[in-house]
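To start, the structure itself, in structure tokens.
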Amino acid sequence: MFKDQIGKQSNKVKNVVERGAVKKFAEAIGDLHPIYFDEDTGKLSRYKNNIAPPTFPRVFDYGVIAGMNLPNKGLIHGEQTFHYERPLLVGEEIYCYSIVKKYFEKKGNFGEMGFLILESFGEDLTGTTIFSSSSTIVISEAVRKVLT
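The opening residue of the sequence shown carries number -16 in the working numbering; numbering runs sequentially from there.
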């Protein structure tokens, strides 16, 4: 169903690691470590700044992959992993994009399921990768019927 999308990349989108968003995210996940929002703690840290929680890139905009028309409802968020070269610093600008890495299908108890693997990246202003992530989107039989 999405095999023709493999290798396609989204446009790069500028995102800001905004202090208020980092604080709200940390509160939402229940991790109130002061490195995320207390300015004095950030200044005294080895990073000389506050950092974002490791899963914070989940809220970034990764652009649009042309021809990738997934529905807004019914998708299942599967596995997601993150790999960091360094932490995200509060206040910095990050350029994010995604690439369709793989697509495969499996028959299961709930019918034919599709598995879409996306790799996403966040780069600094010089184009150096700060983080990458891999995520699996599970496309149920019901969603597949809507798409065909």
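All C-beta atoms, glycine included, are put in the ideal place defined by N, C-alpha and C. Here the structure is a predicted model, which is why all the values come from computation and not from measurement.
query: Burial state of G74 (16 or more Cβ within 10 Å); result: exposed
query: Sequence-distant residues of the same chain with beta carbon closer than 6 Å to L99, five excluded per side; result: F(-15), Y86 and I120
query: Buried or exposed by the 16-neighbour rule on C-beta atoms within 10 Å, applied to V47; result: exposed
query: Contacts around E95, its chain only, beta-carbon distance under 8 Å, and the 5 residues preceding and following it disregarded; result: E88, K89, E124 and R127
query: Under the three-state DSSP convention, the category V83 falls into; result: strand
query: Beta-carbon proximity check, F104 vs Y80, cutoff 8 Å; result: yes
query: Rounded Cβ spacing between F39 and L71 (contact assumed at less than 8 Å); result: 6 Å
query: Cβ separation of A9 and F20, assumed to be a contact under 8 Å, to the nearest whole Å; result: 6 Å
query: CB contact check: S117 to chain D, cutoff 8 Å; result: In summary, chain D is missing from the structure at hand, where a single protein chain is found.
query: As assigned by DSSP and simplified to three states, the class of G97; result: strand
query: Short Cβ contact (8 Å threshold) for G91 with I122; result: no
query: Residue environment, V83, which counts as buried when at least 16 other CB atoms sit within 10 Å; result: buried
query: Straight-line gap, F93 to R69 (C-alpha atoms, nearest Å); result: 40 Å
query: Cross-strand partners of L72 (DSSP beta bridge); result: I34
query: Span separating the alpha-carbon of L53 from that of L27; result: 44 Å
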